[in-house]
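Input: a single structure, listed below in C-alpha cells.
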Amino acid sequence: MSQVHSNLHRSALADWWEGTRRTDIWWTLAWFDVVLRYRRSMLGPLWLTLSMGIMIGGMGPLYASLFGTQLDKFFPHLALGVIFWGFFSAIVTDACNAFVGASNYLKQGYFPISLFVWRGLGRNLIQFAHQIVLYIPVALWAGVSLSWSVLLVIPAFLILIVNAHALGLLLGLICTRYRDVTQIITSIMQMLMFLTPVFWLPENLPGRAKYVLWNPFAQMLDLLRTPLMGGVAHLESWIGIGLWTVLCLTAASVMFVKYRRRVVYWL
Amino acid sequence: MASISLKNVSVSFPIYGAGSVSLKKTLAASVTGGRFGKETGVTVVQALSGLNLELKSGDRLGLIGHNGAGKSTLLRTLAGVYEPSSGEFTRQGSVASLIDPALGIEMDATGIENIMLRGLVMGMSKKEVDRLTPDICEFSGLGEYVNMPVRTYSTGMMMRLAFSISTSVEADILLMDEWLSVGDAAFTEKAEKRMRDVVSKSGILVLASHSPELIAKECNRVIHLEHGRIVES
Chain A
2 MSQVHSNLHR SALADWWEGT RRTDIWWTLA WFDVVLRYRR SMLGPLWLTL SMGIMIGGMG
62 PLYASLFGTQ LDKFFPHLAL GVIFWGFFSA IVTDACNAFV GASNYLKQGY FPISLFVWRG
122 LGRNLIQFAH QIVLYIPVAL WAGVSLSWSV LLVIPAFLIL IVNAHALGLL LGLICTRYRD
182 VTQIITSIMQ MLMFLTPVFW LPENLPGRAK YVLWNPFAQM LDLLRTPLMG GVAHLESWIG
242 IGLWTVLCLT AASVMFVKYR RRVVYWL
Chain B
5 MASISLKNVS VSFPIYGAGS VSLKKTLAAS VTGGRFGKET GVTVVQALSG LNLELKSGDR
65 LGLIGHNGAG KSTLLRTLAG VYEPSSGEFT RQGSVASLID PALGIEMDAT GIENIMLRGL
125 VMGMSKKEVD RLTPDICEFS GLGEYVNMPV RTYSTGMMMR LAFSISTSVE ADILLMDEWL
185 SVGDAAFTEK AEKRMRDVVS KSGILVLASH SPELIAKECN RVIHLEHGRI VES
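Chains as they are written, first to last, in our numbering: chain A, 2 to 268; chain B, 5 to 237.
Okay, here's the thing in C-alpha cells:
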C-alpha cells in the first residue's frame, strides 16, 4: 500500500495499476477461492473436470443424432462450445459480484478495486484450466488435425482477457449500485446461451437467421473454437470483437474514472 | 514522517433504501415522471461535516462522542475506505487499522493460511509474511491449532489469531476503535503488552473510545464529535 494517500490529484490509471500489479494478492485470493470451495470434498477441484466431462459425454451422442451430424464432427464442436460457454458465463456472472463479494475487504481499508476484478478472473481461469483439458481426449478421439492457424487462439485469448477485465469493472460497478442488474444479467446470459452456437452448428442456420451470429459471445466463441478445431475464424468475428472491445474498454474506463472511489459507499 | 491533514472534510452517505437500489423503480420513476416510484428519493446522511484536523508524529488523538457521532466514519476515512465527499485529505506514512481485526477471516482456511491471506491484504509481500508467520503462530499461542480450519476454533481463539496477525506489523499510523483486549487472563496480559508496544512504536495514534479514563490515559489530544462535527478539541 502506498505511503502517501490523498483524495486530490489521484490518477485513475495509477489506481488501476496499483490493483493490477499486486498479482500476489489477487492470485492468492483467487487460488483460495477455488481451494476452499472444494476443501471438504475428496476429489477437490477435479470435480470441475468430472462434472464437465459427464455433461459433454452425455450430450454429445444425443445432440449429434438430434442434429443428424456425425459424432466425430460434432463432438469437438460441442465440447469446446460447452467449456468456453461455461467460462464466459462464469466471468460475466462473477463480475456482478466482484465488489459486493469483497465488501469485507473494501470496508476495512483502501483497496484499488481492479484487484477484485482480477481476483474473479483469476478464479475463473483456474476453473477453466481444469475443464479445457477435457478437450485433449475429445480431439484425439475425433482425429482433429491442427494447422498453424491454431496459434491465432493466443491473440483471441488475450482479447478475451481484456474484455473480461473491462466487463468486470463495468458490471461490478453497475451491479453494486443497482442490485437487481445481477438478476437481469443472469437471465440474459441464459437466453444468450441458446442464441450462441454453443450446441448447434452455425452452418445449419437458415439465411435470414444469420444475424444471430453478430452477438459478441458468438464471435468470441468463433475466434476461440474454430482454430482449435483446425479451421480459421471468420474475418467478421475479428472485426466485430474489435469493435466490441473498444466499446467495452471505453465504457469501463468512463465508469472506473468516475465511480472507482464511490463503490464503497454503495456496499 | 507520519502526518495526517484534513481540510474541511465532509463525508455523506447516500442511503439507498430498498427503493432506489432497484433499477426497476428508478426506471419506473423516470418514465412516469416520479409519480410511480416516489420512494426513490435518496436520503443523504451527513456523517462528517467540515472537519479540520492536523496530526503529526507523536500525536495521540482520542475521539469521543455518542453512538453515531461519526467516530468510526472518521477512522474509516483516515484509513482510506471512504473518499471524502468534499474537502482535502492527505495522509503520509503506512497505516495499520485495528478497527475490526476479525473482518475477513476465512472460516474454512487454516490458521496459517489466514495469516498469509490477511498479511497480503494488509500490504505485506509473501516473503514478509513467511518471515513473520512463526512469530505470529508463537504469539497467538494456538499451538497445533494453527494447522486446523478456523471454523473449529472457539470465538476466543479466533480473536487471538486475528489480534496476533493485525498487530504483527509496525506502522506509522495506528487506527483503533476501542482498545483491543482478547482471550483469557494469561493472553490478555500478553496482548496488553503487545498493544503498548505497537502503540509506542507508532507515530500517530487515533483511538475512538467511550471510556474517558482510557482516552485520558492514552491520548494527548482529544476531539469531541457530535453529529459529525468537532464540538470541542
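Glycine included, each C-beta is placed from N, C-alpha and C at the ideal position.
Quiz item: What whole-angstrom Cβ distance do residue 108 of chain B and residue 222 of chain B have, given they're in contact under 8 Å?
Solution: The distance from the Cβ of residue 108 of chain B to that of residue 222 of chain B is about 26 Å, inconsistent with a contact at the 8 Å cut-off.
Quiz item: Does any residue of chain A bring its CB to less than 8 Å from the CB of residue 122 of chain B?
Solution: Output row for residue 122 of chain B: interface = no.
Self-check item: 8 Å contact criterion, which residue 202 of chain B and residue 178 of chain B should meet: CB distance rounded
Solution: Between residue 202 of chain B and residue 178 of chain B a beta carbon distance of about 7 Å is seen, short of the 8 Å cut, so the two are scored as contacting.
Exercise. Quick one: residues in its chain with C-beta nearer than 6 Å to the C-beta of residue 39 of chain B, no 5 flanking neighbours on either side, listed in chain order?
Key: Residue confidence for residue 39 of chain B is low, a pLDDT of 49 falling below 50, so the modelled location carries little weight; the figure read from the coordinates is stated next. There are no such residues.
Quiz item: From residue 42 of chain B to residue 31 of chain B, what distance separates their C-alpha atoms?
Solution: With a pLDDT of only 47 at residue 42 of chain B, under the threshold of 50, the placement of this residue in the model should not be trusted; the figure read from the coordinates follows. If you draw a straight line from the Cα of residue 42 of chain B to the Cα of residue 31 of chain B, it comes to about 11 Å.
Quiz item: Does the count of Cβ pairs from the stretch 237–248 of chain A and the stretch 49–57 of chain B closer than 8 Å reach three?
Solution: Under the Cβ criterion (8 Å, minimum of three pairs), the stretch 237–248 of chain A does not count as touching the stretch 49–57 of chain B.
Quiz item: Do the stretch 123–140 of chain B and the stretch 160–172 of chain B make contact, defined as three or more Cβ pairs closer than 8 Å?
Solution: Inter-segment contact for the stretch 123–140 of chain B and the stretch 160–172 of chain B is present: three or more beta-carbon pairs are separated by less than 8 Å.
Quiz item: Counting only runs that start and end within the stretch 109–138 of chain B, where is the alpha helix (DSSP H) found for 4 or more residues in a row?
Solution: Those alpha helix (DSSP H) runs which fall completely within the stretch 109–138 of chain B and span 4+ residues are 115–125.
Quiz item: Between the stretch 169–182 of chain A and the stretch 197–215 of chain A, are three or more C-beta pairs nearer than 8 Å?
Solution: No, because fewer than three Cβ pairs between the stretch 169–182 of chain A and the stretch 197–215 of chain A fall closer than 8 Å, the two stretches do not touch.
Quiz item: Any C-beta of chain A sitting closer than 8 Å to the C-beta of residue 108 of chain B?
Solution: Against chain A, the CB of residue 108 of chain B has a partner CB under 8 Å away; the residue lies at that interface.
Quiz item: In the structure shown, what three-state DSSP assignment does residue 181 of chain B receive?
Solution: The DSSP-derived three-state label of residue 181 of chain B is strand.
Practice problem: Classify residue 63 of chain A as buried or exposed, calling it buried when 16 or more other Cβ atoms lie within 10 Å of its own Cβ. | Solution: When all chains shown are included, residue 63 of chain A counts as exposed.
Self-check item: Option in A/237, A/11 and A/25 with minimal Cα separation from residue 2 of chain B
Solution: Outside the shown range of chain B, which is 5 to 237, sits residue 2 of chain B, and nothing can be said about it.
Practice problem: Using three-state DSSP, classify residue 238 of chain A as helix, strand or coil. | Solution: DSSP places residue 238 of chain A in helix when its eight states are reduced to three.
Quiz item: If we cut at 8 Å on Cβ distances, does residue 114 of chain A have a partner in chain B?
Solution: It does not; no Cβ of chain B falls within 8 Å.
Quiz item: Are the beta-carbon atoms belonging to residue 186 of chain B and residue 175 of chain B less than 8 Å from one another?
Solution: Cβ atoms of residue 186 of chain B and residue 175 of chain B: not closer than 8 Å.
Quiz item: Leaving out the 5 sequence neighbours to the left and right, which residues in its chain are closer than 7 Å to residue 11 of chain B when beta-carbon positions are compared?
Solution: 56, 91 and 92.
Quiz item: Got a sec, what are the start and stop residues for the beta strand (DSSP E) residue 53 of chain B sits in?
Solution: Run containing residue 53 of chain B: 47–60, per the beta strand (DSSP E) assignment.
Self-check item: Buried versus exposed, by CB contacts within 10 Å (16 or more), residue 164 of chain A
Solution: Answer is buried; the Cβ neighbour count reaches 16.
Quiz prompt | Residue from B/97, B/191, B/13 and B/16 whose Cα sits closest to the Cα of residue 209 of chain B | solution = Nearest option by C-alpha distance: B/97.
Practice problem: With DSSP collapsed to three states, give me the class of residue 186 of chain B. | Solution: In the structure shown, residue 186 of chain B sits in coil (DSSP, three-state: anything other than H, G, I, E or B).
Exercise. Could you tell me whether any Cβ in chain A is nearer than 8 Å to the Cβ of residue 112 of chain B?
Key: Interface residue, yes.
Quiz item: Considering only residues of the same chain and omitting the five flanking positions on each side of residue 13 of chain A, which have a CB-CB separation below 8 Å?
Solution: Closer than 8 Å at the Cβ level, and outside the excluded window around residue 13 of chain A, lie 254, 257, 258 and 261.
Exercise. Give me the Cβ distance between residue 86 of chain B and residue 266 of chain A, rounded to the nearest whole Å; I'm assuming they're in contact under 8 Å.
Key: Contact holds; Cβ gap of about 7 Å.
Quiz prompt | Any alpha helix (DSSP H) of 4 or more consecutive residues that is wholly inside the stretch 196–221 of chain A | solution = Runs of the alpha helix (DSSP H) inside the stretch 196–221 of chain A: none found.
Quiz item: Counting Cβ pairs closer than 8 Å, one from the stretch 134–141 of chain A and one from the stretch 88–105 of chain A, do we hit at least three?
Solution: Verdict: no, contact absent.
Quiz item: Can you tell me the Cα-Cα spacing of residue 1 of chain A and residue 80 of chain A, whole angstroms?
Solution: Summary: the structure shown does not reach residue 1 of chain A, with chain A confined to residues 2 through 268, and so no result is reported for it.
Quiz item: residue 145 of chain A by DSSP, collapsed to three states: which one?
Solution: Shown here, residue 145 of chain A sits in coil according to DSSP, grouped into three states, outside any helix or strand.
Quiz item: From the DSSP output, which residues share a beta bridge with residue 14 of chain B?
Solution: Per DSSP, B/90.
Quiz item: Under 8 Å, do residue 157 of chain A and residue 249 of chain A count as touching if we go by C-beta distance?
Solution: Between residue 157 of chain A and residue 249 of chain A, the CB-CB gap reaches or exceeds 8 Å.
Quiz item: Going by alpha carbons, who is nearest to residue 89 of chain A out of A/152, A/263, A/217 and A/178?
Solution: For residue 89 of chain A, the nearest C-alpha among the options comes from A/217.
Quiz item: residue 210 of chain B bridges to which residues according to DSSP?
Solution: When DSSP reads this structure, residue 210 of chain B sits in a beta bridge with B/65 and B/179.
Quiz item: How should residue 118 of chain B be labelled, buried or exposed, when 16 other C-beta atoms within 10 angstroms of its C-beta is the threshold for buried?
Solution: The residue is buried, with at least 16 neighbouring Cβ atoms inside 10 Å.
Quiz prompt | For residue 76 of chain B, the three-state DSSP class (helix, strand or coil) | solution = In the displayed model, residue 76 of chain B falls within a helix according to three-state DSSP.
Quiz item: Between which two residues does the alpha helix (DSSP H) harbouring residue 47 of chain A extend?
Solution: Judged by DSSP secondary structure, residue 47 of chain A falls within the alpha helix (DSSP H) whose first and last residues are 47–68.
Practice problem: Note down, in chain order, each residue of its chain lying with its Cβ closer than 8 Å to the Cβ of residue 54 of chain A, except the 5 sequence neighbours on either side. | Solution: Within the same chain, Cβ atoms closer than 8 Å to the Cβ of residue 54 of chain A are found at 135, the five residues on either side in sequence being excluded.
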